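When we follow my numbering, the leftmost residue of the sequence shown carries the number 395, and every step to the right adds one. Yeah, the Cβ is synthetic: ideal placement off N, Cα and C, and Gly gets one too. Values in this document were obtained by computation on a predicted structure and should not be read as measured data.
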Amino acid sequence: MDITLFNFRTFWEANADEDYREDTIRMSIALMTFLKNNNLLVDIDPFNEDGSIKEDLIIRKSNVTDEGFQLFVKPVNNWWNALDRGTPPEKITILENGLKKIRAAKK
């Protein structure tokens, strides 16, 4: 089953508050940049030519590598929880450490 891991529009429409929407964009850019920089995306570019996030962006299981999927299973949720507690989206230590653990477990 090709489950949806990330749907930008769902996050965007969850709240009409400007600050929330700005945070949604920052979170999305930080997460997609991390996935892209670590070669975890498959056959998808989350960004428009100007570097902005695609408004119709949906990341499914088929759009990420096995490592990318494992990242969504736990580290991404932990990072989202940290954001809810006020951590800035650009602080991606949780994602970095999560990916290190996933890659170390494969060796």
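- Stretch-stretch touch, CB-based, cutoff 8 Å, three pairs: the region 459-467 with the region 413-422: Segments in contact, no.
- Query: Under three-state DSSP, which class holds VAL458?
  - Reply: strand
- Query: What are the residues that DSSP puts in a beta bridge with PHE400?
  - Reply: ILE453, per the DSSP bridge assignment.
- Message: Nearest by alpha-carbon distance to GLU407: which of ILE419, LEU399, ASP396, ASP460 is it?
- Response: ILE419
- Message: Which residue marks the beginning of the alpha helix (DSSP H) containing SER348, and which one marks its end?
- Response: Residue 348 is absent from the structure shown; the chain starts at 395 and stops at 501.
- Query: With DSSP run on the structure shown, which of helix, strand or coil describes ILE447?
  - Reply: strand
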